[in-house]
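Asker: Here it is: the structure, laid out below.
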Amino acid sequence: MMQRDLPAGPPAGGVDAANAAMSLASPPVGVPHQHRGRLFRKYLLLLLSLVTLVLLVSSGINLYFSYQENRAALASLQREKAIGAASRIEQYIRQVSQQLVYTALPQIDAGDVELRRIEFLKLLRQAPEVTDIAQLDATGHEQIAVSRLGMDVVASGKDRSGEPAFVNAKRGQPWYGPVYFRKETEPYLTVATRSGSDKGPVTVAEVNLKFIWDVVSRIKIGDQGKAYVVDRNGLLVADPDIVLVLRKT
836 MMQRDLPAGP PAGGVDAANA AMSLASPPVG VPHQHRGRLF RKYLLLLLSL VTLVLLVSSG
896 INLYFSYQEN RAALASLQRE KAIGAASRIE QYIRQVSQQL VYTALPQIDA GDVELRRIEF
956 LKLLRQAPEV TDIAQLDATG HEQIAVSRLG MDVVASGKDR SGEPAFVNAK RGQPWYGPVY
1016 FRKETEPYLT VATRSGSDKG PVTVAEVNLK FIWDVVSRIK IGDQGKAYVV DRNGLLVADP
1076 DIVLVLRKT
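Just so you know, we're using our numbering here: the sequence shown kicks off at 836 and counts up by one.
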């Protein structure tokens, strides 16, 4: 029998080379999925960053407007408290002034000093804040002086014509002097009014402003807020801390 030679197969080395070439030509199956995963995480982080930024900006805006609203509300409350306190102080001073004007009316004969003294004593009882009251004649000489802090003086003739209270007093219109501290302890206010004609006698009263301290001490603004009173020159008249008042800051 004749034997037919079978065609020889490719060498072993050629098969390995072909398989290697096919491996290089075909990309790994998992590479596209890994690439898409990285992109997803990247965009997710970007989106989260944007959302966080928007929330921070929104929170900041809300805090700003909330701060402005609270500040406006506090300012409104302070203004309301200040107006209320000023109104009470003004009303009380006006009441004392009206009593002084009424007491100074020339319904009593100018020479009847004793009746005038009785009227002044009535005023001291009706207005405890008035500590001293005196009447000066048309030339500025003291006719009578009544005080709850000292002895009454009648017909002293003391020349007070140079005092601002006598010089500036007008008929039917109270004159108010600057706030001063008597014996460096309590604030006082001088009130004067002229009766009769423009050249008539002048009644002068010294008013203790200590009652203003009570008005101020009742005003509460938050936990640390406080109210205080200054005069037209900026001098501290009333403050919850009395030491500051006595320092005349």
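Note that CB positions come from ideal geometry on N, CA and C, so glycine has one too.
Where do the ends of the beta strand (DSSP E) carrying residue 968 lie?
Answerer: Residues 965–971.
Asker: By the three-class DSSP mapping on this structure, what secondary structure does residue 1011 have?
Answerer: In this structure, residue 1011 counts as strand in the three-state DSSP scheme.
Asker: Taking Cβ to Cβ, would you say residue 1028 is nearer than 8 angstroms to residue 1062?
Answerer: Their beta carbons are not under 8 angstroms apart, which means residue 1028 does not touch residue 1062 by this criterion.
Asker: Using the Cβ count rule (16 or more neighbours within 10 Å means buried), how would you classify residue 1080?
Answerer: Counting Cβ neighbours within 10 Å, residue 1080 comes out buried, since at least 16 surround it.
Asker: Give me the Cα-Cα distance between residue 1055 and residue 1066, rounded to the nearest whole angstrom.
Answerer: So the two alpha carbons sit approximately 21 angstroms from each other.
Asker: Would you mind working out which of 980, 1001, 1006, 988 sits nearest residue 937, comparing C-alpha positions?
Answerer: Comparing Cα-Cα distances from residue 937 to each of 980, 1001, 1006, 988, the minimum goes to 1006.
Asker: From residue 919 to residue 988, what does the alpha carbon distance come to, in whole angstroms?
Answerer: Roughly 40 angstroms between the two C-alpha positions.
Asker: What is the DSSP secondary structure of residue 957, counted as helix, strand or coil?
Answerer: Note: residue 957 maps to helix in three-state DSSP.
Asker: From the DSSP output, in three-state form, read off residue 914 for me.
Answerer: Three-state DSSP puts residue 914 in a helix.
Asker: First and last residue of the alpha helix (DSSP H) that includes residue 1052?
Answerer: Counting along the chain, the alpha helix (DSSP H) containing residue 1052 begins and ends at 1046–1052.
Asker: Check the C-beta distance from residue 1077 over to residue 1064 and give it rounded, since I have them as a contact under 8 angstroms.
Answerer: At roughly 13 angstroms, the Cβ-Cβ gap does not stay under 8 angstroms, so residue 1077 and residue 1064 are not in contact.
Asker: Assuming residue 955 contacts residue 931 (C-beta within less than 8 angstroms), just tell me the rounded distance between them.
Answerer: At roughly 14 angstroms, the Cβ-Cβ gap does not stay under 8 angstroms, so residue 955 and residue 931 are not in contact.
Asker: Which whole-angstrom value is the C-beta distance of residue 1050 and residue 924, which I expect to be below 8 angstroms?
Answerer: Confirmed, about 6 angstroms.
Asker: Thinking C-beta only, is residue 1040 closer than 8 angstroms to residue 965?
Answerer: Taking 8 angstroms as the Cβ cut-off, residue 965 and residue 1040 qualify as a contacting pair.
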